[in-house]
Amino acid sequence: MAAIGQTGTPAMFMGPQRPTGVSCPAHAAKVYTTFVWQRDAIAFADRCNRAAAGLPEEEPCAAETSMRPPGNPAADLACHAEPAVTGETQPGTGVGVFYRSSDAETQEPPGSRRLDEIVKVFCQERGGERGYHRQFVAASHAALWARCNALPPQDRHYYEVIKEGSPCHLYFDLEYATACNADVDGDALVEKLLCMVSQRLKQEWGFDMQPDWVVELDSSSATKFSRHLTIRIPGHAFPNNHAIGCLVSQLLASSEAMQLMVRKGGADEAAHTFTSFVDSAVYTKNRHFRIIWNSKGGKTATLVPTERFATAPGHGMSRQQLFLESLICNVPPTARLLHVDGSNTTLTGSRAAGTAHPLRTCLPVSPGRAGSSVKVVRLCDEGEQAPEGLSLQRVQAWAEAAKGFVEQMARQRAGGQPATARTIAHCGLAGTVAYSMIGPGSHYCENIGRCHQSNHVYYVVNFVEGAYAQKCHDPDCSSFRSAWMPLPAELRLT
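Printed below as a string of C-alpha cells:
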C-alpha cells in the first residue's frame, strides 16, 4: 500500500458513586461504573488500574515510574482486547520519549514501563425531562462495547474522555458549514490535511504514513460537514493531547495551511470571513471526543466509517476491532512516545505554577479597538516584573487583536454556544491578559466537564510565552487552571 502524500500532492485512497472507600473489582476488564463528577470517575479508574497491576493503592500512578510486575493479574484478563493494530511493538522493557527518527529505534528511557490502563473514563449523555445531561463512566473497552451494543442506536451518546497526561494517538476534529461552502470538496480537504501530516511525520520522525493508519469517521448533516480522524502510528503514540495540540498549531501556522481555510458564519459574512476547518480547541484537558456509531444527545447524525483509508472495502476488521482502532487513548504501554518541539514549554515568573495570584487594580485603560461593549482595565500581578522593552500600549493592542481568537476558542469548547469577552484585564508590563467571558458558552468549564449553572469561566493569555489557558470564577474551581495551549504564531509577542 502506497504511503500518503510522499510527492507533496494530496493522495487519493479508497449508578453514581464516589471513589472514596470504593474497592476496585478483581476483574477490572468487566468494570462499568457511573459517576456524577468526572474527577471521581478518573480517580476510580486510576485505582482500578493500580490494583490490576498489583500496585499499592496509595502509590502514585505516574507514567514514568509505574511498572507492572511479572504475573500481574491484568495480563490474564480475558476481556482485555487492546491493542488492535498490526505491527505494534511487542511487549518489552522500555518506553522511550524520542526527538527525531535517528533516536526513535535506539533510545531507551531511564524509567520503566507505563501502567497498562485497562479501565478508562468515558462520558455519556442521557436524556431527561429537562433535556440532556452528562454522566461519567469508568469502564473497560470490553464493558463499554457490550453496553453500547445493548442500547438502541438512537440512545448511544458516548464520548471518550481524553484524560490529561494520557498517551494518545494523533487525532483531528474537522468541520465547516456547508451553506457558505458549497464549492468546497470535503474529501479533498481531508486529503490535503493528511498530505501535510504525512510530510511532517516524515520530516520529524522518518515515518512513511500509510492509508491504513487513518480511521476516518463522518457525522455530517444537511448543514455541517463533520469528520473525525484518528491516526495510529504503529508502535508509537504521543505523550498527551497537549503535545498533539502543539503539533497541530505548527501545522496550521505553515503557509500550506491556507489550503485548509473555509468560509465561516452566516451568509452576510461568508464572502470575507475565513477560518481553518481544523478545530484547534479539541486538545484541552480531559476533552470529550465522540465514539464511533454514537450521536450527540438530541441529534440524529451518527459517527460512522467513511469506507476510506483504514475502513476501505476489504479492510477485514470486525466492528469491535474498528471500535478499538478509533479510540484515541487506546495506547498499549509498550508504545514509544514521540516528542513535539514546544510541547514542554512552561511559563516563567509568577504565572508558572498556574495558581491564583492577588491582583490589584491600577489605572483604567481606554477601550480602543475592543469596542464600547468591552470594558478594558489594567491589572498588575504583585511583584511581577516587566520584560525589557514591553510597553503597556503594545500589550493592550495585542490583547484587543486576540479578542476574536479567544471568543472563538470559548465557543468551540462550549459546543458552539455564544461566548463573548466582557472585560479584558491585563498587566501590560508582564504580557499577561485575562478575558472575562459572558454568554451561554461562558459557563462551560473543563474542570467539571460541563457547564456551571451560573458561574462563568475566563481565559488567561500570556503573549510573551505564547500560551493561553482557561480558569473559572466558581469557588469550587478557584485553584483550577487548564493545560497551557499554544497561541497562533501571529498572536505571539516576539
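Going by the numbering used here, the first residue of the sequence shown is number 20, and it counts up by one from there. Ideal Cβ positions, reconstructed from N, Cα and C, are used throughout, including at glycine. None of the values given here were measured: they were computed from a predicted structure.
DSSP places threonine 294 within a strand segment (E or B) once states are collapsed to three. Note that the C-beta distance between valine 452 and alanine 418 is below 8 Å. At the C-beta level, valine 209 and arginine 166 stay beyond 8 Å of one another.
With 16 or more other CB atoms across the displayed protein chains lying within 10 angstroms of its CB, alanine 256 is buried.
With three or more CB-CB distances shorter than 8 Å, the segment 273–281 counts as touching the segment 209–219. Of the other Cβ atoms in all chains shown, fewer than 16 fall within 10 Å of the Cβ of asparagine 168; this residue is therefore exposed. CA-CA distance, valine 281 to phenylalanine 244, rounds to 11 Å. The straight-line gap separating the alpha-carbon atoms of glutamate 235 and leucine 248 is approximately 5 Å.
Secondary structure in the segment 142–214: the alpha helix (DSSP H) runs of 4 residues or longer, each lying completely within the stretch, are 160–169 in chain order. Between the alpha carbons of aspartate 231 and glutamine 489 lies a distance of about 36 Å.
DSSP lists no beta-bridge partner residue for tyrosine 302.
With fewer than 16 other Cβ atoms from the protein chains shown falling within 10 Å of its own Cβ, alanine 207 counts as exposed. Beyond the five residues adjoining it in sequence on each side, arginine 309 comes within less than 6 Å, by CB distance, of Tyr178, Leu322 in the same chain, given in chain order.
In the DSSP assignment, methionine 428 falls within the unbroken alpha helix (DSSP H) covering 422–432. Under DSSP, the beta-bridge partners assigned to histidine 247 are Asp192, Leu236.
By the CB criterion at 8 Å, histidine 492 and asparagine 474 fall inside the cutoff. For phenylalanine 226, the three-state secondary structure derived from DSSP is coil. Contact between glycine 458 and alanine 438 holds: CB atoms are separated by about 5 Å, below the 8 Å threshold. About 6 Å separates the beta carbon of asparagine 305 from that of glutamate 465, a gap short enough to meet the 8 Å contact definition.
With a cutoff of 8 Å on beta-carbon distance, cysteine 265 and serine 362 are scored as near each other. Between serine 299 and the set Phe54, Leu506, Gly73, the nearest pair of CA atoms involves Leu506. When DSSP states are grouped into helix, strand and coil, histidine 334 belongs to the coil group. With fewer than 16 other Cβ atoms from the protein chains shown falling within 10 Å of its own Cβ, arginine 145 counts as exposed.
A direct Cα-to-Cα measurement between leucine 279 and cysteine 496 gives close to 36 Å. If you draw a straight line from the Cα of proline 186 to the Cα of glutamine 472, it is about 32 Å long. Residue burial is scored here from C-beta neighbours: proline 258 has at least 16 other C-beta atoms within 10 angstroms and is therefore classed as buried.
Considering only Arg153, Ser238, Pro324, the residue with the shortest C-alpha distance to glycine 468 is Arg153. Closest option to phenylalanine 191, judged by alpha-carbon separation, among Arg251, Glu223, Thr242, Cys199: Arg251. Under DSSP, methionine 504 forms a beta bridge with Tyr487. Apart from the 5 residues on each side of it in sequence, alanine 421 sits with its Cβ closer than 7 Å to the Cβ of Val480, Leu510 in its chain, given in chain order.
Distances from the CA of threonine 319 to each of Pro172, Val301, Met456 were compared; the closest alpha carbon is that of Pro172. For the options Ala440, Glu426, Leu357, the alpha carbon positioned closest to that of phenylalanine 226 is the one of Leu357. In the three-state DSSP reduction, alanine 256 falls in the strand class (E or B).
Remark: C-beta atoms of arginine 133 and proline 352 approach each other more closely than 8 Å.
Of the candidates Asn260, Gly316, Val297, Ile263, the residue whose Cα lies closest to the Cα of tyrosine 151 is Gly316.
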